[in-house]
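In our numbering, the protein residues as written are 91 to 232.
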């Protein structure tokens, strides 16, 4: 009886440890591979670097997370990934010509919604963040 109790306790402890490890891995993945959304407040270009200040805005997508405070996003348009995404439920979206995706990113305006990926999430407590990717939603592109 005592042996079964000890084995049960060991099994319970191992189960808890495995659960904690999987939760930590999921949180790490969310922070490093997740996309965030914000509304553009200001855009500044200086020395081939662009700084965009974004404020929190709501996301209607479960895989795009809301930022919690205002951030300044810093990037060089020549060194980041620019990708396009279409609403799965929307068959009517803008058809882009060659080079038009880059033009959209170079001409971001105040009030637009921006989806981005943070380059190094360990900067999370900073106000200025370096980003590695900007996503253009084709259904919203003008």
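For glycine and all other residues, C-beta sits at the position ideal for the given N, C-alpha and C.
Collapsed DSSP secondary structure at residue i in the structure displayed
i, result
"residue 174", "strand"
"residue 196", "helix"
"residue 148", "coil"
"residue 190", "helix"
"residue 94", "helix"
Among the options, the one whose alpha carbon lies nearest that of residue i
i, options, result
"residue 205", "104, 219, 226 and 111", "226"
"residue 130", "166, 105, 124 and 157", "157"
"residue 127", "166, 168, 194 and 161", "161"
"residue 123", "217, 209 and 159", "209"
"residue 150", "104, 203 and 112", "203"
"residue 137", "94, 168 and 219", "168"
Paired residues, beta bridge with residue i - DSSP
i, result
"residue 163", "142 and 219"
"residue 155", "126"
"residue 135", "140"
"residue 101", "DSSP, once it has assigned bridges, lists no residue as partnering residue 101."
"residue 224", "172 and 206"
Cβ pair residue i, residue j closer than 9 Å
i, j, result
"residue 224", "residue 170", "yes"
"residue 134", "residue 166", "no"
"residue 200", "residue 164", "no"
"residue 142", "residue 194", "no"
Residue-chain proximity (residue i, chain C), Cβ-Cβ < 9 Å
i, result
"residue 165", "Here there is only one protein chain, and chain C is not present."
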